Ligand SMILES: [Zn+2]
């Protein structure tokens with residue numbers, strides 16, 4: 015009868031995601047989602063609801079720099095970042111990071 019045992023419920027299920035730069039696990043809503051769209055561009059997804067392969071970053075400048083300067087984001091999204099996308103993400107990213 016042990017199989018019927020109900021696990022104690024946590025208060026609320028909070029989805030957690032890992033920042034691709036610092037690898038810290040955080041509640042999903044604390045992170046910013048980046049998504050690879052159907053046309054191969056990489057966009058910031060403020061609602062977290064866009065279709066496509068996603069990657070998450072902390073709201074910290076260091077993480078954005080790390081992800082965008084290296085190939086971490088490309089690796090996470092299995093996609094090449096065009097210089098244009100990269101530049102756009104750097105600029106948009108600054109709106110999302112907490113100073
Ligand atoms: Zn991070």
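Residue numbers (our numbering): 15 to 113.
Backbone N, C-alpha and C fix where the C-beta goes; we use that ideal spot for every residue, glycine too.
Bear in mind that the values here come from a model prediction, so they are computed numbers and not experimental data.
Ligand 1 has no heavy atom closer than 8 Å to the beta-carbon of residue 83. Residue 82 is a Cβ neighbour of residue 95, given a cutoff of 9 Å.
Bridge pairing for residue 59: 47 [DSSP]. Judged by DSSP in its simplified three-state form, residue 111 adopts coil rather than helix or strand. Around the Cβ of residue 56, a 10 Å sphere holds 16 or more other Cβ atoms; the residue is buried. A distance criterion of 8 Å places the beta-carbon of residue 71 in contact range of ligand 1, judged by its closest non-hydrogen atom. Rounded to the nearest angstrom, the Cβ distance from residue 103 to residue 58 is 7 Å, consistent with a contact under 8 Å. Annotation for residue 105 indicates a beta carbon at 8 Å or more from all heavy atoms of ligand 1. Rounded to the nearest whole angstrom, the C-alpha separation of residue 60 and residue 111 is 12 Å.
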